[in-house]
Structures are given as C-alpha cells and as structure tokens.
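Read the structure below first, then the notes.
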Amino acid sequence: MASSTAPSPQSTSGAQPGDTLSAVLELAVCSQGLEKIFPNGFQALRKVDLAVGKGEVVVIMGPSGSGKSTLIRTFNGLETIQGGHLEVLGYHLDADNSQKVVSKIRRHVGMVFQSFNLFPHLSILENVTLAPIWVQKRDRQTVKKDALALLDHVGIREQAHKYPSQLSGGQQQRVAIARALALSPQLMLFDEPTSALDPEKVKEVLETIRALAAEGMTMVVVTHEVGFAREVADRVVFMDEGMIVEEASPQTFFTDPKEERSQLFLSRIL
Amino acid sequence: MVESPRSGSWSRQLLLRIRRGLFASPLDTLITVVLVVVCGGGLWNLLHWAVLQADWAVVLENVRLYFNGNFPVSQIWRSWSWLGLLAALCILTLMPSKVVPPAVVRLLPLLWVLILPIGLLLLASGLGLEPVKSRFWGGLQLSLLLTLGTILMALPLGILMALARRSELPLLRWLTTGYIELMRGMPLIAVLFFGQLMIPLFLPEGWTLNRVLRAVVSLGFFMAAYMAEDVRGGLQSIPKTQLEAARSLGLSPLLTVALVELPQALRTALPALANQCVASLQNTSLLAYLGLIELLGISRSILANPDYLGHHLEVYIWLALLYWAVCILMTSLAHRVERTLNVTGHH
Numbered sequence: 001m002a003s004s005t006a007p008s009p010q011s012t013s014g015a016q017p018g019d020t021l022s023a024v025l026e027l028a029v030c031s032q033g034l035e036k037i038f039p040n041g042f043q044a045l046r047k048v049d050l051a052v053g054k055g056e057v058v059v060i061m062g063p064s065g066s067g068k069s070t071l072i073r074t075f076n077g078l079e080t081i082q083g084g085h086l087e088v089l090g091y092h093l094d095a096d097n098s099q100k101v102v103s104k105i106r107r108h109v110g111m112v113f114q115s116f117n118l119f120p121h122l123s124i125l126e127n128v129t130l131a132p133i134w135v136q137k138r139d140r141q142t143v144k145k146d147a148l149a150l151l152d153h154v155g156i157r158e159q160a161h162k163y164p165s166q167l168s169g170g171q172q173q174r175v176a177i178a179r180a181l182a183l184s185p186q187l188m189l190f191d192e193p194t195s196a197l198d199p200e201k202v203k204e205v206l207e208t209i210r211a212l213a214a215e216g217m218t219m220v221v222v223t224h225e226v227g228f229a230r231e232v233a234d235r236v237v238f239m240d241e242g243m244i245v246e247e248a249s250p251q252t253f254f255t256d257p258k259e260e261r262s263q264l265f266l267s268r269i270l
Numbered sequence: 001m002v003e004s005p006r007s008g009s010w011s012r013q014l015l016l017r018i019r020r021g022l023f024a025s026p027l028d029t030l031i032t033v034v035l036v037v038v039c040g041g042g043l044w045n046l047l048h049w050a051v052l053q054a055d056w057a058v059v060l061e062n063v064r065l066y067f068n069g070n071f072p073v074s075q076i077w078r079s080w081s082w083l084g085l086l087a088a089l090c091i092l093t094l095m096p097s098k099v100v101p102p103a104v105v106r107l108l109p110l111l112w113v114l115i116l117p118i119g120l121l122l123l124a125s126g127l128g129l130e131p132v133k134s135r136f137w138g139g140l141q142l143s144l145l146l147t148l149g150t151i152l153m154a155l156p157l158g159i160l161m162a163l164a165r166r167s168e169l170p171l172l173r174w175l176t177t178g179y180i181e182l183m184r185g186m187p188l189i190a191v192l193f194f195g196q197l198m199i200p201l202f203l204p205e206g207w208t209l210n211r212v213l214r215a216v217v218s219l220g221f222f223m224a225a226y227m228a229e230d231v232r233g234g235l236q237s238i239p240k241t242q243l244e245a246a247r248s249l250g251l252s253p254l255l256t257v258a259l260v261e262l263p264q265a266l267r268t269a270l271p272a273l274a275n276q277c278v279a280s281l282q283n284t285s286l287l288a289y290l291g292l293i294e295l296l297g298i299s300r301s302i303l304a305n306p307d308y309l310g311h312h313l314e315v316y317i318w319l320a321l322l323y324w325a326v327c328i329l330m331t332s333l334a335h336r337v338e339r340t341l342n343v344t345g346h347h
C-alpha cells in the first residue's frame with residue numbers, strides 16, 4: 001500500500017526536481033523557521049525546524065496547546081503559515097498558499113483526525129470511495145473494489161454498507177484511516193487519532209497504524225500514547241509553547257531526556 | 001386491583017385503559033368532561049347544520065369548476081389527466097419502500113420536476129393539442145400548478161442564495177443579504193401586486209409573460225428568501241470538522257459544497273422547507289385578489305352567482321376541507337422524504 005516512489009515535483013512553479021533540498025535529502029517534509037500566527041494574534045508556532053525522511057515514522061508529543069496539531073495541519077495546508085519555509089513532498093507552501101499547490105499536496109497526503117470526521121450522510125463504502133471517484137476521477141468499479149480491499153485490511157469489510165453512526169468509535173477511526181489511504185498517499189498525518197476513543201478501543205486503532213508503519217508508510221503522528229511511540233516511532237519530537245524542545249530516538253527520549261521541560265512532561269505522563 | 005395488561009377480556013381491558021387514560025384523577029375527570037362538552041357540543045351543532053340545514057347544491061353542482069376552473073369542456077380530459085398524473089405520483093411516492101423497486105425510487109425526484117412541464121404542455125398546448133389560454137385555467141388545478149411552480153423555482157434559488165449569503169465576495173454577500181431581508185420585510189400581497197405590475201416593465205421590448213407565470217415568479221422570489229434562510233440554518237449546523245475532512249481529501253470548494261455540505265444541510269432543513277412548501281399552497285389563495293381564478297377565486301365567482309346566494313358557509317367549509325386534504329397530502333409526502341433520507345443517513 002505504501003508507495004515508495006519518489007514524488008514528482010516537476011509541477012511546482014519554477015523549481016526543478018533536483019533543486020529542492022527535500023529531493024536531495026529524500027525528505028517528505030522539510031520545514032525551516034516555520035511561523036504560525038492566528039488572526040487573533042496568538043503565535044502557535046515559533047521558528048519550527050523539522051525534517052521527516054521518506055519512510056520515517058515521527059511521533060510528536062507535548063502538552064496541549066503546544067502547537068503539535070497546528071504543525072501537522074500546516075503540512076496539508078489546513079493552516080496557512082505566516083513565515084518560514086515549508087516543503088511537503090517537493091511542493092513549496094508559503095504564506096499565500098496557492099489553491100493549486102495545496103490541492104496537489106492534499107492528493108498525496110492523508111490525514112486522520114481526533115474526531116474521525118466521517119461523512120454521516122454517506123455509507124462506510126461511500127466515505128472511502130468519495131475522493132478517489134471525485135478527486136482522482138477513477139473508474140467507479142475499480143475504486144469500489146480497492147475500497148473493499150482497504151476496508152478488509154482494516155477489518156471493517158462486513159460493515160461496508162452501514163452508516164458511520166452505526167459503528168463504534170474504534171471502527172469509525174479505522175474507516176477514517178481507510179478513507180485517507182484510498183488516495184494512495186505518500187505521507188500520512190495522524191492528529192491524536194486515539195484521544196477521542198474509549199480505552200478498550202485504542203488498541204485496535206493503534207494496531208492498524210502500527211501495521212501501516214510496518215509497510216513503510218511515511219507518517220507523522222501526534223499522540224499521547226507512550227507505548228505506541230516507544231515501539232513504532234523512529235524519532236520522537238517534543239514540543240512546548242510552539243517550539244521544538246527536543247528531538248531524539250524513542251529509547252533516548254523516554255529513558256534519558258535532555259531538556260528540563262521534557263523531563264517535567266514525562267514525569268507527569270509516565 | 002392488580003392491573004395486568006393480559007388479564008380479563010378485551011372489553012375489560014378497554015374499560016381499564018379508558019379509566020386510566022381519561023379519569024385517573026378528579027382533575028383528569030374534570031378536564032375530560034369539559035372537553036367532551038365543549039367539543040362534542042360544537043361538533044353536534046356542526047353536524048346538525050351540515051345534514052339538516054345546509055344546501056350542498058352549491059358544491060355538488062360545481063365540482064368541475066372547483067377542480068378544473070373554466071377549462072373548456074371539450075378539452076377537460078387534459079385537466080383531469082394532469083390531476084390524475086399528479087395523484088398517481090403522490091401514491092407512488094407514498095407507497096412503502098418495500099413495494100417500489102429502488103430504480104423507481106431513484107427516479108421519483110426527476111418525475112416530480114417533470115410533472116410541472118408535463119402539466120404546462122397538457123394545459124396550454126403542445127403535442128398537437130388545441131391551445132388553451134391561461135385565463136381559462138382555474139380551480140384546484142391552477143392552485144396546484146402555482147404551488148408546484150413556486151416550489152420548483154424557490155428551492156434552487158433559495159439554495160443558491162443561502163450559498164451566496166456566506167460567499168467570500170462581499171458584493172455578492174451584501175446583495176443577497178439585502179434581498180433576503182427586503183423580501184422578508186414585505187407582505188406577500190404587496191410582492192404579488194408589484195410582480196403583476198412591474199415584471200412587464202423589466203422584460204425586453206416585445207416580451208410578455210402571462211399572469212400565471214408572473215404570479216409564479218413573484219411567489220417564487222418571495223418563497224426563495226424564506227427557503228434561503230432555512231438552508232442557511234442547515235449549512236450552519238454542519239461542524240467545521242466536516243469541511244476540514246473534505247478539504248484534506250482534496251475535494252475542491254465546489255465539490256465540498258455539492259457532496260458534503262448541501263446533502264447534510266438539506267437534511268437538517270427538510271422539516272422547515274416542507275413547512276414552506278405547505279405555506280406556498282396557502283399563499284396561492286392570495287392570487288384570488290389579483291384576478292386569478294384559482295381555488296379561492298373560482299369559489300368567489302361561484303358565490304357571485306345569484307342562484308347560490310347566501311351559501312357562503314357551505315362553500316368555505318368545502319374549501320377548508322379541500323385545502324386541508326392537500327396540506328395533509330403534502331405533509332405526508334414530506335414525512336416520506338424525511339424517512340427515506342433517514343434510513344440511508346444518520347440517526
């Protein structure tokens with residue numbers, strides 16, 4: 001499922017594929033000095049530098065309000081940026097996100113939300129086939145076949161003709177993952193995917209994400225699940241007050257954090 | 001006494017149920033007695049009048065006029081067949097979903113849109129039929145034609161205005177908001193008079209629009225303002241997260257509106273929109289005062305006949321029954337749509 005082919009940045013304005021820093025370094029995401037200031041003046045991101053390599057699983061942790069979600073929402077243009085440099089899959093995003101670039105990025109980046117955000121008026125199957133049919137304009141029958149295979153993969157095939165409200169939270173989140181995967185993304189963003197779930201449903205969703213990581217999918221996951229981060233992450237990024245405080249391998253971060261703020265955070269959640 | 005619902009004969013159970021439902025306490029008994037005396041008395045008097053005193057000739061002798069207006073008698077089959085088609089479509093829509101094949105159910109919205117042009121063709125001319133001027137259209141047939149025309153014009157216009165009202169283009173937003181507020185601030189009768197007098201002024205030289213169409217256009221523009229507000233309410237009830245999900249899947253703004261927002265907004269707005277549709281029927285009766293002989297208009301002209309002098313009450317009771325029947329029909333159609341959507345939707 002995970003596509004390891006290099007993205008084709010030819011279509012970005014001006015830049016040649018070889019020119020971009022991310023293409024040279026095989027990066028999926030590359031941000032330098034990223035700034036996000038909300039219209040009300042609140043600065044959510046302060047000079048964030050972050051690079052995510054292809055095939056890498058990066059887990060972002062931090063207290064609420066630290067800018068974790070805002071950061072990954074800039075990666076698919078759900079939030080505009082006010083300063084700095086951001087490159088996603090070879091496409092440049094800047095302060096005035098052009099609709100064209102953003103829509104290109106969104107075709108290659110899947111996103112999974114805390115509250116699932118399935119479309120309540122569509123069946124499970126229709127939720128998954130909507131974007132392939134209307135955005136990629138692919139053939140309905142093939143899309144349907146692929147969607148059923150994806151639903152099978154996340155263990156929801158039997159429920160394909162039910163509606164979201166008839167499913168449990170864990171099942172809904174797995175459908176949301178299948179929906180994002182239906183566009184064959186090169187990068188998956190997870191925004192606290194298990195925070196809205198009952199404790200006993202957390203595991204089934206984490207299992208699905210873990211399986212995806214094992215297939216080599218590039219992922220950025222915002223989560224509070226320490227066990228998951230420890231096992232699946234290639235790298236843990238700790239954020240506080242809109243800044244990256246510490247970046248380390250999970251072993252180092254959870255056993256021997258360098259920064260005082262990381263230590264304080266870990267002492268509270270572990 | 002232990003009141004087990006399964007004990008005793010059915011008559012005993014019925015008695016028990018009546019006692020529990022209507023005479024459980026002294027206050028309940030009092031309310032029951034007062035209501036029975038007041039309503040029963042009224043009903044008795046009405047029945048007494050209707051059976052013994054009323055002269056229903058004014059209704060019975062003019063059935064054709066109430067339903068078809070002054071439609072030429074030689075062509076009357078056209079009027080009846082349109083009413084028949086409409087009735088058949090209502091029955092088809094109201095049939096239990098198990099009986100009707102899904103392919104037909106999917107066709108229903110199209111049929112409801114097509115029934116209007118079919119009606120116009122049948123009533124006016126076309127298909128090699130003899131032309132019948134619109135001033136010969138009347139009665140219930142005209143009322144229904146006006147209602148259908150109004151709804152089919154107001155609904156799409158209302159949806160467009162609801163979308164325009166939250167547009168990012170300020171001029172479009174201000175104009176729509178201004179229009180909606182203006183329309184909602186005017187009495188319908190004034191709008192209808194304006195429509196009859198002013199629409200001809202706006203048309204290009206040499207164009208004419210007959211009175212029926214002018215009425216539909218005025219009613220449609222008026223109802224659209226109300227429907228726009230209902231749809232806007234539906235749009236506002238959609239959580240922002242739905243839009244984010246649609247955007248992150250790469251759906252364009254237009255596709256987001258068409259595939260994610262409107263289907264949900266219309267479902268939410270459906271009860272309010274159905275209410276506007278019923279109101280549209282009632283509103284057509286105002287056109288009696290602009291010289292259209294729709295159901296109320298034709299009744300007024302029947303009452304003007306010296307033969308039926310003093311039989312107002314019979315006619316208005318008959319009218320009330322007719323309007324009521326059509327309203328009940330419209331309400332059950334709306335419930336039907338609601339149920340169909342909810343089976344395939346949330347809740």
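Those sequence lines, one after another, are chains A and B. The first sequence runs 1 to 270 under full-length UniProt numbering. The second sequence runs 1 to 347 under full-length UniProt numbering. Where is the CB? At the ideal position from N, CA and C, for every residue including glycine.
Residue i burial status per 10 Å Cβ neighbour count (16 or more: buried)
i      : result
A/V87  : With the sequence shown as reference, residue 87 of chain A is identified as Glu, and Val is not the correct amino acid for it. That one is buried.
B/P204 : exposed
A/E126 : buried
A/E200 : exposed
B/V99  : exposed
B/N283 : buried
B/L309 : exposed
A/I105 : buried
A/H161 : exposed
A/G76  : The question names Gly, but residue 76 of chain A is Asn in the sequence shown. Buried is the call here.
Three-state secondary structure (DSSP) of residue i
i      : result
A/K201 : helix
B/T331 : helix
A/P9   : Reliability of the predicted coordinates at A/P9 is poor, the pLDDT of 43 falling under 50, and the value obtained from them is presented with this limitation in mind. Correct three-state label for A/P9: helix.
A/A180 : helix
A/D49  : strand
B/T308 : Here the sequence assigns Tyr to residue 308 of chain B, which means Thr is not the residue at that position. If DSSP states are grouped into helix, strand and coil, B/Y308 belongs with the helices.
A/E260 : helix
B/F23  : coil
A/E56  : coil
A/F190 : strand
A/H224 : coil
B/S299 : helix
A/S31  : strand
B/R12  : helix
B/I238 : coil
A/I37  : strand
B/L129 : strand
A/F253 : helix
Close beta carbons around residue i, own chain, < 8 angstroms, minus the five adjacent residues each side
i      : result
B/T208 : P200
A/F116 : P164, G169, Q172, Q173, V175, A176 and A196
B/L322 : Y66, L140 and L295
A/I244 : V48, D49, L50, V237 and F238
B/R211 : S134, R135, Q196, L290, G291 and L292
7 angstroms CB neighbourhood of residue i in its chain, flanking five on each side removed
i                      : result
A/A213                 : V57, M219 and V232
A/T208                 : V154, R174 and I177
residue 350 of chain B : Because chain B spans 1 through 347 in this model, residue 350 of chain B falls outside it and cannot be assessed.
Cutoff 6 angstroms; reference residue i; Cβ partners in own chain excluding five residues on either side
i      : result
B/S79  : N68, F71 and Q141
A/G55  : G216 and T218
B/A164 : L172 and T176
A/V101 : Y91
Check distances from the C-beta atoms of the segment 107–140 of chain A to those of chain B and list, in chain order, the residues that come in under 7 angstroms. R107, M111, F113, S115, N117, F119, P120, H121, L130, A131, W134 and V135
Under 8 angstroms: do the segment 214–232 of chain B and the segment 274–282 of chain B share three or more Cβ pairs, one atom per stretch? yes
Of all the residues that make up the segment 57–83 of chain A, which are near chain B by a beta-carbon distance shorter than 7 angstroms? Within the segment 57–83 of chain A, the qualifying residues are N76 and L78.
If the cut-off is 7 angstroms on Cβ atoms, which residues from the segment 184–213 of chain A count as contacting chain B, listed in chain order? none
So, does the segment 256–275 of chain B touch the segment 79–98 of chain A, judging by three or more C-beta pairs under 8 angstroms? no
Using Cβ-Cβ distances below 7 angstroms, what residues of the segment 236–250 of chain B are close to chain A? T241, Q242, E244, A245, R247, S248, L249 and G250
Short of 8 angstroms Cβ to Cβ, which residues in the segment 258–272 of chain B face chain A? Correct list: L259, V260, P263, Q264 and R267.
For the segment 296–306 of chain B and the segment 169–186 of chain B, state whether three or more C-beta atom pairs, one from each stretch, are separated by less than 8 angstroms. Short answer: they don't touch.
Taking a Cβ distance cut-off of 7 angstroms, strictly less, list which residues of the segment 148–176 of chain A are near chain B, in chain order. Within the segment 148–176 of chain A, the residues whose Cβ lies closer than 7 angstroms to some Cβ of chain B are Y163 and S165, listed in chain order.
For the structure I just gave you, are there three or more beta carbon pairs, one from the segment 123–132 of chain B and one from the segment 35–52 of chain B, closer than 8 angstroms? no
Decide if the segment 80–93 of chain B is in contact with the segment 328–337 of chain B; the criterion is three or more beta carbon pairs, one per stretch, under 8 angstroms apart. yes
If the cut-off is 9 angstroms on Cβ atoms, which residues from the segment 12–35 of chain B count as contacting chain A, listed in chain order? none
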